[in-house]
Structures are given as C-alpha cells and as structure tokens.
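For reference, the structure discussed in these notes is given below.
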Amino acid sequence: MIKRVLEIGERLLFPNNIYCLVCGAMIDESRPYSLCDKCVRQLHWITGGRQADGKLQRVCAKCGKALPETYRGALCYDCMHHKHAFEKGFSCLTYGLHERELMMNLKYNGRSYIAAKMGEMMFDRMKYELADFNPDGVKIDVVVPVPISRDRLRKRGYNQSELMARYFVRAWDRELGEAPQLETRALLRTKNTQMLRGLDPAERALAMRGAFAVKSTGTEILRDKNVLLIDDIYTTGSTSDACSKALLEAGAQRVYLLTLASGGNRKPGT
Ligand SMILES: [Zn+2]
Ligand SMILES: [Zn+2]
Numbered sequence: 351m352i353k354r355v356l357e358i359g360e361r362l363l364f365p366n367n368i369y370c371l372v373c374g375a376m377i378d379e380s381r382p383y384s385l386c387d388k389c390v391r392q393l394h395w396i397t398g399g400r401q402a403d404g405k406l407q408r409v410c411a412k413c414g415k416a417l418p419e420t421y422r423g424a425l426c427y428d429c430m431h432h433k434h435a436f437e438k439g440f441s442c443l444t445y446g447l448h449e450r451e452l453m454m455n456l457k458y459n460g461r462s463y464i465a466a467k468m469g470e471m472m473f474d475r476m477k478y479e480l481a482d483f484n485p486d487g488v489k490i491d492v493v494v495p496v497p498i499s500r501d502r503l504r505k506r507g508y509n510q511s512e513l514m515a516r517y518f519v520r521a522w523d524r525e526l527g528e529a530p531q532l533e534t535r536a537l538l539r540t541k542n543t544q545m546l547r548g549l550d551p552a553e554r555a556l557a558m559r560g561a562f563a564v565k566s567t568g569t570e571i572l573r574d575k576n577v578l579l580i581d582d583i584y585t586t587g588s589t590s591d592a593c594s595k596a597l598l599e600a601g602a603q604r605v606y607l608l609t610l611a612s613g614g615n616r617k618p619g620t
C-alpha cells in the first residue's frame, strides 16, 4: 500500500510521458520509456539478436558491446586485449549523440525520474538473458549499483546508477516476482576518481585501483552470490573491473554487468 502511494506520488511530482527524455518534444502517454518516435528510431539499441530492420546483431561475448556488421571476431577489440574481472556484460544502447543527451539529462539536469524509465529499459534488455526465461541464461541473486563518492553524491543529490538499479528491481518484481535483493551499502567508493577521460585503458585501470571496497558486513551478503552490477555507461571497463574485483574478493561467486549505454568498438587513438 505504502509502495503504491509512493508510486502515485512520484507520478505527480515527476510528470513522465509528457516530454521526450532525449529531445524534449511533447509526447503522449503511450510512448515506451517516454521517448518520441523519432528518438526511438535514432537511438542505437542493443538487442543481441534480431533488430527492428530484421538484421541480426552481434554483441561482444564478454562485455556485451554491439559489434560492427563487418567485424568477424566474437570479442571486441578491447576484450581481445584486456582481461576483465566480470563474467559477462549486457548493455541497452551504443553510445552516440542521442545517448549522450539522455545520459546528460539523467546525470546533470536533476531529472532523476528519468532513471525510472531507464531502469525499465534495462530490465527489458536483461530479462531474456535470465535463467527465468532461458535455460542457458544467468542467475542473479543480488543487484549492486556502482557507488559514487560522497562528494559527488552531496553535489548531485542522488546516484543515478542506484536509482536505475532500484527501478530495475521494481520492474523485475512486477513482471517476474521474486526479484533479487538490491544491495546499496556493501560496496563503497573509497577514492574519488575525477578525470578518466583522455586516459588510456592501462592508465584508467591504475587510477581505479583501490577505488572500491566492500564493507566487512558486505561479505556476509555477497558470499557465493551471483551479483549483477549496474552502471550507467561502459567504456573500457575499468570501473566495472575495479568493482568486480572488490566484489569477488569479498566472496561473490560471479559478477555480471548491466549498463545503460556502452562505448563503440574503436581501436584506441582512432
Ligand atoms: Zn525525442
Ligand atoms: Zn568486449
């Protein structure tokens, strides 16, 4: 009951389905994820299967980035050259101009309610990859959002990955029931890493070393569990790897990764 009242309250406070979350155009309530038709067409969806145009899309078997049509390998360039600590990654969108707009709105314009739509989008992307749907699918016990530093939390007022994770679990509960536990306190950001942009993958990994830690009480929660780590964007995987390492060291069995958007497959420097 309280949950229901909260949901109605949220709807009144944040009028979803009035403006497109990417371009701001007026839309009606029936639009999926509060996106206008034009933006739905222009976003770069990752389905890991057949696309709207009928073409089969391939994704990197490790990190889940979409692979270019002409690309032959099973792994993207990054994954061929760097080992990752996580088991397998999944992503909803390939990062481009419109995706950038969406992420900026989510991150900086204080429009935290966008996270609700993104959480739903992430669940829709993930559900067919789950053991609940597919015998070869993954089993998830705990959902952990990538934490942000206390400083950044104070400035922004919210952690966008945590909000998305919350709505992801809510969508899971609504559609399948028995949603995994959302764990927001076990993993801590112990170092504020400001500028990763412009660093190469090795430099990023170095900058991220020791940036995350699991609280002593967290080991109880994580031991032998399959964890789904949730973040907004995947580029070289340095953040995901640093989090995964901390989770695995704390006793987690496997770490899967789900991100809203992932970077392209370009070689460094191109
Ligand atoms: Zn739009
Ligand atoms: Zn990859």
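The number in the working numbering is simply the position in the sequence shown, starting from 1, with 350 added.
Glycine included, C-beta positions come from ideal geometry on N, C-alpha and C.
As the structure is a computational prediction, the values presented were derived from the model and not from experiment.
When you compare each of the options to residue i by their alpha carbons, which one comes out closest?
i           : options            : result
residue 562 : 529, 570, 548, 597 : 597
residue 465 : 582, 388, 559, 421 : 582
residue 585 : 516, 529, 413      : 413
residue 477 : 502, 405, 398, 403 : 398
residue 577 : 502, 480, 558, 503 : 480
residue 419 : 433, 401, 605      : 401
residue 435 : 595, 444, 612      : 595
residue 487 : 531, 440, 452, 508 : 440
residue 529 : 490, 566, 593, 432 : 490
residue 601 : 589, 385, 541, 571 : 571
residue 541 : 559, 525, 462, 526 : 559
residue 531 : 590, 557, 566, 579 : 579
residue 459 : 505, 417, 381      : 505
residue 431 : 592, 568, 599, 587 : 587
residue 455 : 500, 373, 415, 503 : 373
residue 525 : 416, 381, 483, 423 : 483
residue 569 : 450, 533, 381, 557 : 533
residue 389 : 450, 423, 417      : 450
Quick one: what's residue i bridged to in DSSP?
i           : result
residue 499 : None; residue 499 has no bridge partner.
residue 397 : BP columns for residue 397 are empty, so no partner.
residue 609 : 441, 581
residue 369 : 376
residue 391 : Answer by DSSP bridge pairing: none, since residue 391 is not bridged.
residue 480 : 488
residue 604 : 576
residue 406 : 400
residue 424 : Answer is none; residue 424 lacks a bridge partner.
residue 416 : 409
My assumption, with CB atoms under 8 Å, is that residue i sits in contact with residue j. Please give the rounded CB distance.
i           : j           : result
residue 425 : residue 395 : That pair is no contact at about 21 Å.
residue 510 : residue 457 : 6 Å
residue 448 : residue 407 : Between residue 407 and residue 448 the Cβ distance is about 18 Å, and since that is not below 8 Å, they are no contact.
residue 467 : residue 371 : 6 Å
residue 375 : residue 369 : 7 Å
residue 386 : residue 410 : Their Cβ separation, rounded to whole angstroms, is 30 Å, which puts residue 386 and residue 410 out of contact at 8 Å.
residue 613 : residue 421 : Contact flag wrong, Cβ pair sits at about 15 Å.
residue 565 : residue 603 : Not confirmed; about 19 Å, so no contact.
residue 590 : residue 610 : In fact, because the Cβ distance is near 13 Å, the residues do not count as touching under 8 Å.
residue 462 : residue 508 : 5 Å
Does the contact criterion of 3 or more C-beta pairs under 8 Å hold for the region 465-474 versus the region 504-522? In the pairwise beta carbon analysis, the region 465-474 is classified as touching the region 504-522: at least three pairs are separated by under 8 Å.
Any chance the region 484-503 sits against the region 535-542, with 3 or more Cβ pairs inside 8 Å? Yes, the region 484-503 is in contact with the region 535-542.
Along the chain, which unbroken stretches of the beta strand (DSSP E) at least 3 residues long are found entirely within the region 514-585? Every beta strand (DSSP E) stretch that sits fully inside the region 514-585 and reaches 3 residues is listed by chain position as 537-539, 562-564, 576-584.
Please list the segments of the beta strand (DSSP E) lying wholly inside the region 426-475, counting only runs of 3 or more residues, in order along the chain. DSSP assignment within the region 426-475 yields the following whole beta strand (DSSP E) runs of 3 residues or more, N-terminal first: 438-444.
If contact is defined by three or more beta carbon pairs under 8 Å, each pair taking one atom from either stretch, is the region 548-563 in contact with the region 509-517? By the Cβ rule, the region 509-517 does not count as touching the region 548-563, because fewer than three pairs are nearer than 8 Å.
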